[in-house]
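Everything below concerns the one structure shown next.
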Amino acid sequence: MYKYDDYDRNLVLERVKQFRGQTDRFFSGELAEDEYLALRLQNGLYVQRLAPMLRVAIPYGMLSSVQLRRLADLSRTYDKGYVHFTTRQNVQFNWPEIKDVPDMLQSLSEVEMHAIQTSGNCIRNTTTDQFAGVINDEIIDPRPYCELIRQWSTFHPEFAYLPRKFKIAVNACPTEDRAAIKVHDIGLEIIKNEQGETGFRVFVGGGLGRTPLLGSAINEFLAEQDLLTYLEAVIRVYNQHGRRDNKYKARIKILVKALTPEVFAQKVEDEWQHIKESPAKLTNEEIDRVKGFFDAPDYKTISSTPSFEEQKASNKAFANWVNRNTNHHKVQGYSIVTLTLKKTGVPPGDVSDDKLELIADLADQYSFGEVRVAHDQNIVLANVKQDDLFDVWKKAQPAGFATPNLNMLTDIICCPGGDFCALANAKSIPIAEQIQTRFDNLDYLYDLGEIELNISGCMNACGHHHIGNIGILGVDKKGLEFYQVSLGGCSGKDASVGKILGPSFAREQMADIIEKIINVYVENRTDEELFLDTYRRIGMTPFKERVYAKAH
Amino acid sequence: MPKLIKDHQIIEDNWLIIDADFEGDLPEQNAIVPLNYWTQNRESLASRKNVGVWLDSHEEPAPLSADLKSLPVVAINFPKFADGRGYSYARLLRERFNYDGEIRAIGDVLQDQLFYMKRCGFNAFSIRADRDIEQALNGLSDFSNSYQAGCDNPIPQFRRR
Ligand code: SF4
């Protein structure tokens, strides 16, 4: 994991000092509300429906046990004893007081954390695959590149007041895209060219929200040394030409679409030619230096795992969990464990202080003191010895982290919605609960196979409803909360944006509606088909007919 | 006379900013004129050594590139501080067009933007009139170091390790 040096530490401390000053000036009346707003947003501080909300960055999802314990501490001291993990590898405090935020930031800085650029119209936290560095089929570990981008984008002087927020994601896995790079402002796919050199295929202009679009490839091979200058060229073009008159048309996707990807690419190319060979070009030494922080931990050589095999054979529930919630590790004798934060009755992504500490203990004892936060709001222990899996499973169970529903229908991605968020049209958490309660039979869930269900409380799409196989969007109908359903979204390699099923539904109908949709799938599927495959084959009509059929 | 921060000092500002819709003859004193006015009166103004140009936030600097040698000052307007186009314009003036005269930030200019502005090539700041300019000066030194290359230091931090 990346470790701060004096430069990094000093910068974060100076930021805390600066923000403390700004907060003082706000309370003394010198800074007007809207002036403070722009400044606090660049420090992740929103004012929500019920209270301020502080969003803290977890760069590309990596957290140490020390950091987890600090989050637990802060949630006890300044909040209601829990935190919320978001879909973009960040963590949120939902109830801090504005006056306490400088102290919270100070405390976070002691464990190398910050809230810099977690909101506002600037370059946000760069995200990547939660399995980075531990899976077999990745081209190369993407995290060093994320860290290089993190440093370059932190306090970038030219890009602090972009037309709109700006999100970058990196994927290095040729078979899967867990980072959903095609729905980001810039998506970077790590590839090798014929000479075996590392580089990037660059996608721009993807995004969700009101106008969901998939990114277009504007560069088929960008050499790794050119990464930062090229990003600079892309964002410089956007900063000057992106729309600023309408916030719903201000994302880069609208500019790319208006110009066409070809013209946009040409503008970037023209700009880039001027800066490509400038001192801002990355050096091989720097790339190697940063890679050094992500060297493999001290794996043991394990040739056989007899107790693991024995436990699997004798305990069906354990075997189920291993099947569902662990992934293949590149090192023999190790597994990747996903702790699911999706127990029915707990809002997706919420974790209480004692459970944060439990996760920290598990990380220390079984996974080199590190965890990763995943895009689907789960937590990953990336390096667990298979002979330890049974212990981990036992300890995770009472906390509700071992529900073996990873990627199942009830592993729902869900934004905070109307319970917490000022922008919401409708609540989202009760919908998740309703569905989780209806589908509580694990055998049935396994039989259904992988289905991604995502819920957003409004058009801002923080719950990524467009790219759920089933998407649910809260809408406002004359002051009442309704829900629109879409089908066929997908965030993976063959990403697609879901299509709307039809008129929206009242809250209490939702579990019934989802059940009807699932039934259509079950009746129509062939042996190997997942929900998405069946939908793609039979299309929308059978679903529509069933859901909107007149009652007899 | 209004004050200005220039090259880290507070000085008297003896330049007059001419309104966007100004027509007619320019007064004799030092004046910073809108781009439009400059383009229309280029010949007569160029001989005066005390005329600068200001760009509004939607006016890119490229059309000025041929005139820059003779311009003592280019000002960039921030109609509101959330409009960040001017940061790119200043950088282009310095790095692309090699302009070495004064680049001045005008409009909604507050303490908290100064550090970034300085890094993008601004060396003069006309702080909003309702703010304490002495205090605003502190904004120039919010941070002691930066990761990226900028006009204040073209060498990024990773080449300085
Ligand atoms: S999708 Fe809407 S309701 Fe949900 S968190 Fe985002 S802004 Fe709030």
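One line per chain: the protein sequences are B and Z, in this order. As numbered in my numbering, residues 1 to 552 make up the first sequence, in order. As numbered in my numbering, residues 1 to 161 make up the second sequence, in order. Each residue gets a CB set at the ideal place from its N, CA and C atoms; glycine is no exception.
Distance, Arg88(B) Cα to Pro398(B) Cα = 27 Å
ask   = Whose C-alpha, out of Gln157(Z), Ser44(Z), His58(Z) and Lys3(Z), is nearest the C-alpha of His241(B)?
value = His58(Z)
request  = Kindly indicate which three-state DSSP category Arg243(B) falls into: helix, strand or coil?
outcome  = coil
key: Straight-line gap, Asp5(B) to Lys69(Z) (C-alpha atoms, nearest Å)   = 43 Å
request  = Note down, in chain order, every chain Z residue with its Cβ under 7 Å from the Cβ of Arg244(B).
outcome  = Asp83
query = Taking just the CA atoms, how far does Val111(B) sit from Val66(B)?
reply = 7 Å
request  = Taking only beta-carbon positions, decide if Phe420(B) is within less than 8 Å of chain Z.
outcome  = no
Under 7 Å (Cβ pairs) to chain Z, residues found in the stretch 23 to 49 of chain B = Glu35, Ala38 and Leu39
key: Own chain, CB closer than 7 Å to Cys458(B), minus 5 neighbours either side, in chain order   = Leu423, Ala424, Asn425 and Gly474
ask   = What does Ala149(Z) touch in chain B if you count any residue whose Cβ is under 8 Å from its own?
value = Ser278, Pro279 and Ala280
inquiry  = I'd like the list of long-range same chain contacts for Pro156(Z), defined as Cβ closer than 7 Å, with 5 residues on each side in sequence excluded.
reply    = Tyr147, Gln148 and Ala149
query = Do you know offhand how far Thr211(B)'s Cα is from Lys253(B)'s?
reply = 9 Å
message = So, under 8 Å CB-CB, Ile302(B) and Val134(B) are touching, yes? Tell me the CB distance rounded to an integer number of Å.
response = About 15 Å; that fails the 8 Å criterion.
inquiry  = When you compare the stretch 33 to 49 of chain Z with the stretch 78 to 86 of chain Z, are there three or more beta-carbon pairs, one atom per stretch, that lie closer than 8 Å?
reply    = no
ask   = Along chain B, in chain order, which residues have C-beta atoms closer than 7 Å to that of Phe143(Z)?
value = Leu11, Glu14 and Phe155
ask   = Quick one: is Gln266(B) near chain Z, going by C-beta distance under 8 Å?
value = no
request  = Measuring only between beta-carbons, confirm whether Gln18(B) sits less than 8 Å from chain Z.
outcome  = yes
ask   = Hey, quick one: how far does the beta strand (DSSP E) through Met117(Z) stretch, first residue to last?
value = Where Met117(Z) is concerned, there is no enclosing beta strand (DSSP E), although the alpha helix (DSSP H) it sits in stretches over Leu114 to Arg119.
task = Could you pull out every residue in the same chain whose Cβ sits closer than 6 Å to the Cβ of Gly215(B), ignoring the five residues on either side in sequence?
result = Lys182, Gly187, Phe203, Val204, Gly205 and Gly206
task = Starting from the C-beta of Glu450(B), find all residues in its chain whose C-beta is less than 6 Å away, skip the five residues before and the five after it, and write them out in chain order.
result = Asn407 and Leu530
request  = Measure from the C-beta of Gln29(Z) to each C-beta in chain B and report whether the shortest distance is under 8 Å.
outcome  = no
query = Which class does Thr39(Z) belong to by DSSP, given the choice of helix, strand or coil?
reply = helix
Amino acids of chain D, ordered along the chain, whose beta-carbon sits closer than 9 Å to that of Glu60(Z) = Considering every chain present, this structure includes no chain D. Its protein chains are B and Z.
query = Which runs of the alpha helix (DSSP H) spanning at least 4 residues fall entirely within the stretch 207 to 256 of chain B, listed in chain order?
reply = 227 to 241
request  = Give the range of the beta strand (DSSP E) segment to which Ile76(Z) is assigned.
outcome  = Val73 to Phe78
task = Check the C-beta distance from Ile190(B) over to Pro142(B) and give it rounded, since I have them as a contact under 8 Å.
result = 6 Å
query = Can a CB atom of chain B be found closer than 8 Å to the CB of Gln9(Z)?
reply = no
task = Closer than 9 Å, Cβ to Cβ, to anything on chain Z: give me those residues from the stretch 69 to 80 of chain B, in chain order.
result = none
query = Where does Trp393(B) sit, in a helix, a strand or coil, going by DSSP?
reply = helix
query = Between Leu71(B), Gln22(B) and Gly44(B), which lies nearest to Ser352(B) when the distance is taken from Cα to Cα?
reply = Leu71(B)
ask   = Is Thr86(B) buried or exposed, if buried means 16 or more other CB atoms sit within 10 Å of its CB?
value = buried
request  = Could you round the C-beta distance between Ile517(B) and Ile470(B) to whole angstroms and report it? I think they count as a contact, below 8 Å.
outcome  = 6 Å
Given Asn454(B) as reference, the closest of Lys394(B), Gln386(B), Lys342(B) and Asp440(B) once Cα atoms are compared = Lys342(B)
request  = Counting only the same chain and skipping the five closest in sequence on each side, list residues whose C-beta sits under 7 Å from that of Lys544(B).
outcome  = Leu501 and Gly502
ask   = Within 8 Å (strictly less), CB to CB, does Tyr161(B) reach chain Z?
value = yes
ask   = Looking at C-alpha atoms only, which residue of Ala495(B), Tyr238(B) and Phe308(B) is the closest neighbour of Val392(B)?
value = Phe308(B)
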